[in-house]
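**Q** One structure, as structure tokens, below. Some questions next.
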Amino acid sequence: MTIVNGLSVDVEDWFQVGAFEHTIAREDWDGLELRVGDNVARILDLFDEAGVKATFFTLGWIAERNRTAMRAIVDRGHELASHGYDHARVFTLSRTEFAEDLAKSRAILEDAAGQAITGYRAPSFSIDARNRWAHEVLAEHGYAYSSSVAPIVHDHYGWRDAPRFAFDPVPGSELVEIPVTTAILRGKRLAAGGGGFFRVLPYGFSRWAIRQVNAEGRPAVFYFHPWEVDPGQPRVAGAPLRSRLRHYTNLSRMAGKLSDLLGDFAWGRMDALAAREKPRSLDWAA
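Sequential numbering of the sequence shown, starting at 12, is according to this note's numbering.
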């Protein structure tokens, strides 16, 4: 039986990424060039060509300023889900602030798209051992699923001890957490769910990793960003060298690699994947 993997896009613009959070101030965002609308349109065409559907985890800040893109996402059969309001990492927020962020972003997204929002992804996978309460807040707000955990060690994020596959984070709740994909090599977990790892490493690595996960009988969860298909985006000269290398490497090759990926595996929306995985999710909350 063919396993349908989860395809997702984290919708934020080139200046809103974690790599530049100490270089570009939030109060300066409105003075910068918005390129996300054109990039989303390009991605929608790419998905149409491949005949796949996906989930677009979108910032409320973006939805406020580009309602046309939000309507295009849902009109073409994709899921619109929440990525928070302005990319604040969840572990920098209090429980009350997180609840307010959830409510604000959801209201904006639902108003823009005319569709209920039931899925959430934390900016930079920022739900981890420090803020397990965040899942409780998501459950209280009625979210069906979250895809906010990276079960690895990383300099920006990671919950090393979290399960690799779907788990129940809140006792008695319908909420299910769908972690981003990791592969196993020599007993160690490797990040293999997309983003910069997909763009920088040879395509063969991602193909191997997804095949490994599917051989385990589980779907992979893959993500990327609209700015990653935009080699013409502005360059941030004042950013640290490491951040610039992470952000700009292989932008011109990304669309081609995505086409290969979409053709090599079966892909679908995250809400459908979460519904399939919930019955066999690990009761990790206990």
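Just so it is clear, CB atoms sit at the ideal spot from N, CA and C, and this is done for glycine as well. Just so it is clear, the structure is predicted and the values come from calculations on it, not from any experiment.
#1: Three-state secondary structure (DSSP) at residue 193?
#2: Any idea what DSSP makes of residue 129, helix, strand or coil?
#3: Determine the burial state of residue 288: buried for a count of at least 16 other Cβ atoms within 10 Å of its Cβ, exposed for fewer.
#4: Give me the Cα-Cα distance between residue 51 and residue 161, rounded to the nearest whole angstrom.
#5: By the DSSP assignment, the beta strand (DSSP E) with residue 234 in it spans what residues?
#6: Provide the residue(s) that pair with residue 16 in DSSP beta bridges, ordered along the chain.
#7: Look at the alpha carbon of residue 93 and the alpha carbon of residue 20, and state the distance between them as a whole number of angstroms.
#8: Is it the case that the Cβ atoms of residue 187 and residue 124 are separated by a distance below 8 Å?
#9: Taking residue 58 as the reference, give the member of 23, 272, 232, 291 with the closest Cα.
#10: Quick check on residue 268: does DSSP put it in helix, strand or coil?
#11: Could you tell me how far apart the beta carbons of residue 210 and residue 261 are, in whole angstroms, since I believe they sit closer than 8 Å?
#12: Using three-state DSSP, classify residue 205 as helix, strand or coil.
#13: Please list, in chain order, all residues of the same chain as residue 119 whose beta carbon is under 6 Å from its beta carbon, the five residues on each side excluded.
#14: Where DSSP assigns a beta bridge to residue 69, which residues make up the other side?
#15: When the distance is taken between beta carbons, is residue 204 closer than 8 Å to residue 233?
#16: Going by CA-CA distance only, name the one from 252, 237, 275 that's closest to residue 231.
#17: Could you check what DSSP says for residue 256 in three-state terms: helix, strand or coil?
#18: For residue 252, count neighbouring C-beta atoms within 10 Å of its own C-beta (all shown protein chains included) and say buried if the count is 16 or more, exposed if not.
#19: Compute the distance between the beta-carbons of residue 179 and residue 293, then report whether it is under 8 Å.
**A** On the basis of the coordinates in this document:
#1: In the structure shown, residue 193 sits in a strand (DSSP, three-state: E or B).
#2: coil
#3: buried
#4: 24 Å
#5: Residue 234 -> beta strand (DSSP E) spans 232–235.
#6: 278
#7: 11 Å
#8: no
#9: 272
#10: In the three-state reduction of the DSSP assignment, residue 268 falls in the helix class.
#11: 5 Å
#12: Here residue 205 sits in strand by DSSP.
#13: 71, 74, 75
#14: 22, 93
#15: yes
#16: Taking only the C-alpha atoms, the option nearest residue 231 is 275.
#17: helix
#18: exposed
#19: yes
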